[in-house]
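Q: Number 81 in the UniProt record's numbering belongs to position 81 of the sequence shown; there are no gaps in the numbering. Handing you a structure now.
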Amino acid sequence: MQEIEFVCPSDVFLKVIKGKCKTTLIVLIKKQCNRFSEMKRTLPTISERMIAKQLDELEADGIIERKVFAEVPPRVEYYLTEYGESIFLIVHDMRKWGYQHLERTKQV
């Protein structure tokens, strides 16, 4: 297995949240949009395959947990872990900065 070295610890953070829609998924889950179908409806331009891949990666990194309910039809919901709650605060601040930057550069 190849070991990856990071020059700056913030690079680790960026590696974890890098993806087509990971930060958006973190925000959606925090706002109680917990089911895959809700996420897909909220992100119509992102493929189901991409959403599933990003959710799998967030779960593997311990940011979210997947809860399967023993029901028919099956029901699956996603939740931020305690660890994920800590990353949400950073993502929230990044979003605020992004909005401010868009306004500042008149890209809104």
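Each residue gets a CB set at the ideal place from its N, CA and C atoms; glycine is no exception.
1. Rounded to a whole number of angstroms, what is the C-alpha to C-alpha distance between LEU14 and LYS31?
2. Would a C-beta distance cut-off of 7 Å place ASN34 and GLU82 closer than the cut-off?
3. Taking the straight line between their C-alpha atoms, what separation do you get for residue 112 and PHE36?
4. For LYS67, which three-state DSSP category applies?
5. Tell me whether LEU55 sits in a helix, a strand or coil according to DSSP, three-state version.
6. State yes or no: is the C-beta of ARG75 nearer than 6 Å to some heavy atom of the ligand MN?
A: This is what the structure holds:
1. 22 Å
2. no
3. What the structure shows of the chain is the stretch from 1 to 108, and residue 112 is not part of that stretch, so it cannot be assessed.
4. LYS67 falls in the strand class under three-state DSSP.
5. helix
6. You won't find the ligand MN in this model; it holds no ligand whatsoever.
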